[in-house]
Amino acid sequence: MTTGERVWTPVCEVAAVPRADGVAALLDGDVQVAVFRTGGDEFYALSNIDPFSGAAVLSRGIVGDSDGVPVVASPVYKQRFDLRTGECLDDGSVRVATHPVRVEDGTVSVSVPVSVPVSTPVPASAP
């Protein structure tokens, strides 16, 4: 469960993400993100989970563009995802989660929802 609030989480240094490539990061709450850097030095973050295979592989996809749209192609079945929106360009009914990215002082940070532990109701004790 999330509160609707977001928190900026440092992921890596800019130099750790080669141009036209991606890296994976495991954030609090077992959230896997893939951070991508385009050839033009723009940064994007998506869920690292490929919705077609269920594997945590999008960070290893091929980064490029499709008619001017920055994309990553899944290394498994090659579907292309818009890095800006997460929409699958090959199946418009599918999308992956996107996360805002910022670069400050050479550090790449990703904004993720704040998780709130789900509490289990405790039954009232019998009299």
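Our numbering numbers the first residue of the sequence shown as 36 and each following residue consecutively. Even glycine gets a Cβ: it sits at the ideal position worked out from N, Cα and C.
Query	Result
Who are Q67's beta bridge partners in DSSP?	L61
What does a CB cutoff of less than 7 angstroms around S94 pick up in its chain, not counting 5 residues either side in sequence?	G57, V58, A59, A69, N83
Mind checking whether G75 and A55 have CB atoms under 7 angstroms apart?	no
Please report the straight-line C-alpha distance between S109 and F78, rounded to a whole angstrom.	18 angstroms
For the putative contact between V143 and V52, defined by C-beta atoms under 8 angstroms, what is the C-beta separation to the nearest angstrom?	7 angstroms
By how many angstroms is the C-alpha of Q114 removed from the C-alpha of S128?	12 angstroms
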